[in-house]
Amino acid sequence: MRVKNLIIERGNIMTDITEMLVRRGYLWQSFEIYGGMAGFVDYGPLGNGLRRNLEKLWREFFVISERAVEIDTPTIGIEEIFIASGHVSSFTDVAIECEKCGKIFRADHYIKEKLGIETEETIEFVNEVLSAYDLRCECGGKFKEPENFNLMFSTKIGPGKGKNGYLRPETAQGIFIDFKRLADYFREKLPFGVCQIGRAYRNEISPRQGVIRLREFNQAELEYFVHPGEKRHPEFEKYRDFTITLVDKMDGEHNITLGEAVEKGIIAHELLAYFIARTAEFLLKAGLKKDKLRFRQHKDDERAHYAVDCWDAEAYTSYGWIEVVGIADRGDYDLTRHNQYSKEDLSIFIPYEEPVKVKAKKFIPKMNLIGPKFREKSKAIAEAIEAYNGEVSDGKIILEIEGEKYEIEDTFFEIEEKEEVVYGERVIPHVIEPSFGLDRITYSILEHSFDTDIVDGEERRVLRLKRWMSPVQVAVLPLLSRDPFVSKADEITLKLKKAGFFTEKDDSGSIGRRYRRYDEIGTPFCVTIDHQTFEDSTVTIRDRDSTRQIRVKEGELERVLRELLESERDLMEFGVPFK
RNA sequence: GCGCGAGUAGUCUAGUGGUAGGACAACGGCUUUCCGAGCCGUUAACCCGGGUUCGAAUCCCGGCUCGCGCACCA
C-alpha cells in the first residue's frame, strides 16, 4: 500500500523508480509496521550504501582537496547556542488561525501585507495588533489566539525540569561554537575549512514529497573561514572558464563562464564562484545529469537570517527543480553572535605583511586618585579612560558608562604619546558555507540514473549509476546453480570481498534473470563462472550499460575490476570480447 | 493544519455486506541454463482503532500514511 500511494500520477519515472527503490531496498517508509510517520525515511541496504559512497566522494572533494578537516559534534544542542544563532527567534513563527474558515497565516506576513506594519514575532505583539486594528481574516472571520511554532524539536536534558535543549536544525552551529579550538588547530591561519556530516532535524509542519522534505535528514556542511577582504581561492583560475547555468535573483538566466559571472557581479565574489564550480563538479561526478542541474540565486526575501548572498544548486526531478545544495556567504554573522553571547573572543589575529608604526595616544588612569573618589565605579571608569581616544577639552574628558555621563578631570589620568609598532589586527573571519542535502542528492541521483532500454527485444530497467557510486559493485554468478560452479563462485566472491569490493553472489534463477536483477539495482559488473572457467581459469565480466562481456584470467580479475570501478574506461579495453 | 481523493501478499491488482482470487517477484526442486525460458511445489495480504450488523476488505466515525490544492518551508 505504501509504495502504491507514493507513485500516483507523477509520470512513469516516478512510478517505476519509487516502486523499485522500495522493493529492492533503497528507501523505506520509517515506522512502517506502526503505520508510519511523515517526514522520516529508512535507508535500506542499497540506499545506505549509495549514500555512504556519496559521503566518501564528498570528503574527497571538500575535505581532502581543501585545507579542511572533519569534526563530529552532538546532534542535541543546549538552548544558548540557538539563542545566539538566532534560531530560537528567527526559526519561530507566530501563526494565526481563522475561527471561521480555518486558514492559517504567518502572523508577521499577514500583518505586513494588510497593515504595512513590521511586526515583532511575539504572541503579545501580535495580540496587540490584532485587537488594536480589529484585524480579520480575508473571509471576515475572527482569528483565534495566536500560537508559536518553532521548527526546532525541543527537548529536556537531564532529570526533573532539566535544561532546555534542541535537536540541531543544521550541523553548522557545532562548528561555529568550536571555532576557538579549530582556529588553534589550524595555527591561527586563514583560510581553513571545517566540515561535518550528520543528521539535522526540523519539525516541518507538513512534510511531503517523500525524501525531499524530511524531519530528520542528512547534511554535509563545509564552513570555510576566510579573511573578509580575501574572498578568493587559489584554485579559482582552474574554473574561470567553467561554463554553467545560472539563474540570478531577478530570474535572469545566464549560460556563462564563472569568470564572467564574477566580473559582471552576478556572483558576489570568486570564492562563492569557486564553490559553485566545485559543487557542480561534485554533483556531476556523483551522477547528476548536466542538463538537469542549475544554480539559482536566492531572492532578497528568500535568504536565511544569516545569509549575505546565497546560491542553490538545483536538480530537476519529477518534483520539479529542487534545492540540493545551498552555498551561502554567511558573513561574520555566526561568529559575531557567538562572540557576543558567549563573551569568548572569536576573532583571529592577522599579522600585517609589514609591521606598521603608529603614533598612539594612550590614556593611563591614575588608580590611586580614582579609587578613593569613585569607589565601586572605579574599575569601569578606569577601563573607559583606557578605551578613550578623543581629545581633552577644558582639562577634562567626557565618558559615557552604562548610559551615565561622567566628566573626568585630567588630574585623574596621564597621557602618554608614543610610537607603537602594530603587527597586525584581530578580525572576525567571514564564512562561506556550502551545505549539502544528502538525501535529496541521493534521490536525484537515483532519478537521473534510472533508465529503460531494449535488450534482445525485451524492455530492461537499468540504473545507470556511476560505477564508483553503486552500492553493490560486483555480482558473482555461477552459470549453473550447482557444483562445481557454485563453489567456484563462493571462492571468487570471498576473494573479491577480501579485496574490498562490495560483492554479492547469486545463484538463484536463470542467468538472464540474474543479470536483470543487478541491472535494476545498478550493479556495474557481473562476473560469470561458466564451463570454460574450469578449462582455462578465465571468467567473464559483463558491463551493465552495454551488456557486453569480456573474458579475463581469474588472476587478473581484481586488478581489472579495480581499474574499471575507479574510471569510466570501456570494458572492451581490458580483455577479449566474449559472445 | 484545512479541503478533496486513495490504502487488499514483496510489487501490481480483482473483489462494493456472506469461503479474499490472479499476475509478477521471492523461496525449494527438475532442466549442460549467457540475458526477465519452461514445468512442479512453497511462502505470503484486506493500514490501525472503534461503531453498525447474525456477519464488514466492503457501510459509518476517528487516527495514521500517501497523492493533489491551500498554507508553511528560517
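Under the working numbering, the first sequence is numbered contiguously, ending at residue 580. Where a beta carbon is used, it is the ideal one built from N, C-alpha and C, also for glycine.
Under DSSP, the alpha helix (DSSP H) around residue i begins and ends at which residues?
i: Y334; result: 334-343
i: A173; result: 173-177
i: F350; result: Counting along the chain, F350 falls outside any alpha helix (DSSP H), though it belongs to the beta strand (DSSP E) covering 349-366.
i: S132; result: 124-134
i: T539; result: Counting along the chain, T539 falls outside any alpha helix (DSSP H), though it belongs to the beta strand (DSSP E) covering 539-544.
i: F413; result: F413 -> no alpha helix (DSSP H), and no H or E assigned at all.
i: T548; result: It is not in any alpha helix (DSSP H) - T548 carries neither H nor E in the DSSP assignment.
i: E282; result: 271-287
Sort out for me which residues DSSP pairs residue i with in a bridge.
i: L464; result: F451
i: G78; result: Y167
i: N256; result: T246
i: I399; result: E408
i: K554; result: T539
i: E435; result: Correcting the residue identity first, residue 435 is Pro in this sequence and not Glu. Beta-bridge pairing links P435 to I328.
i: D313; result: R297, G327
i: Q30; result: V42
i: L478; result: T529
i: A69; result: G194
i: W322; result: Y317
i: G1; result: Nothing in the structure corresponds to residue 1, since the chain is present only between 2 and 580.
i: S394; result: K397
Which same chain residues end up closer than 8 Å to residue i when comparing Cβ atoms and leaving out the 5 residues on each side of it in sequence?
i: S547; result: L572
i: F351; result: Looking at the sequence itself, residue 351 is Ile, so the reference to Phe does not match. Contacts found: L191, H228, G425, E426, R427, V428.
i: L273; result: K232, D310, W312, I328, D330, I433
i: G12; result: Annotation note: pLDDT 43 at G12 (below 50); position unreliable, coordinate value reported separately. Once the five neighbours on either side are set aside, the close Cβ partners of G12 are S319.
i: I112; result: I118, T120, V127, V130, L136
Enumerate in chain order the residues of its own chain whose CB-to-CB distance from residue i is below 6 Å, with the five nearest sequence positions on each side excluded.
i: K363; result: E417
i: H255; result: L247
i: T541; result: T529, Q550, R552, F579
i: V456; result: T548
i: S482; result: D508
Between the alpha carbons of residue i and residue j, how many angstroms are there, rounded?
i: L131; j: F296; result: 41 Å
i: D302; j: I178; result: 27 Å
i: H35; j: W29; result: In the sequence as presented, His is not what sits at residue 35; that position holds Tyr. If I take the Cα positions, the gap works out to 13 Å.
i: F413; j: V422; result: 27 Å
i: H299; j: N219; result: 22 Å
i: Y167; j: V326; result: 24 Å
i: R549; j: I512; result: 14 Å
i: E61; j: T280; result: 12 Å
i: D538; j: E557; result: First, the amino acid is wrong: residue 538 is Ser here, not Asp. So the alpha carbons of these two residues sit roughly 10 Å apart.
i: Y307; j: L136; result: 31 Å
i: R468; j: K286; result: 10 Å
i: K115; j: N128; result: 15 Å
i: A278; j: E271; result: 10 Å
i: D249; j: S436; result: 19 Å
i: E403; j: S343; result: 20 Å
i: D1; j: I245; result: This structure does not reach residue 1, given that the chain is present from 2 up to 580, and the question cannot be answered.
i: E81; j: I442; result: 32 Å
i: D454; j: G523; result: 14 Å
i: R216; j: T156; result: 15 Å
i: E459; j: L289; result: 27 Å
i: R169; j: E146; result: 29 Å
i: F150; j: V95; result: 6 Å
i: E20; j: L152; result: 31 Å
i: E377; j: I371; result: 10 Å
i: P430; j: D440; result: 30 Å
i: A108; j: E171; result: 25 Å
i: D185; j: S348; result: 11 Å
With respect to the beta strand (DSSP E) encompassing residue i, which residues constitute its N-terminal and C-terminal limits?
i: R517; result: Where R517 is concerned, there is no enclosing beta strand (DSSP E), although the alpha helix (DSSP H) it sits in stretches over 512-522.
i: A201; result: 193-202
i: V42; result: 42-44
i: V227; result: 217-227
i: S155; result: 155-158
i: K506; result: 504-506
i: I530; result: 526-530
i: V487; result: Note, V487: premise wrong, no beta strand (DSSP E); alpha helix (DSSP H) at 486-499.
i: F579; result: 577-579
Identify, in the order they occur along the chain, each residue of the same chain with its Cβ nearer than 7 Å to the Cβ of residue i, setting aside the five sequence neighbours on each side.
i: V195; result: A69, V70, I72, I176, L183, E224
i: A39; result: P208
i: R563; result: none
Are the stretch 450-470 and the stretch 516-523 touching, with three or more C-beta to C-beta distances below 8 Å?
yes
contact_flag[the stretch 374-394, the stretch 445-460] where n(CB pairs < 8 Å) is 3 or more
no
For the pair the stretch 171-189 and the stretch 333-344, tell me if three or more CB-CB distances fall below 8 Å.
yes
With contact counted as at least three CB pairs below 8 Å, one residue from each stretch, are the stretch 81-95 and the stretch 473-490 in contact?
no
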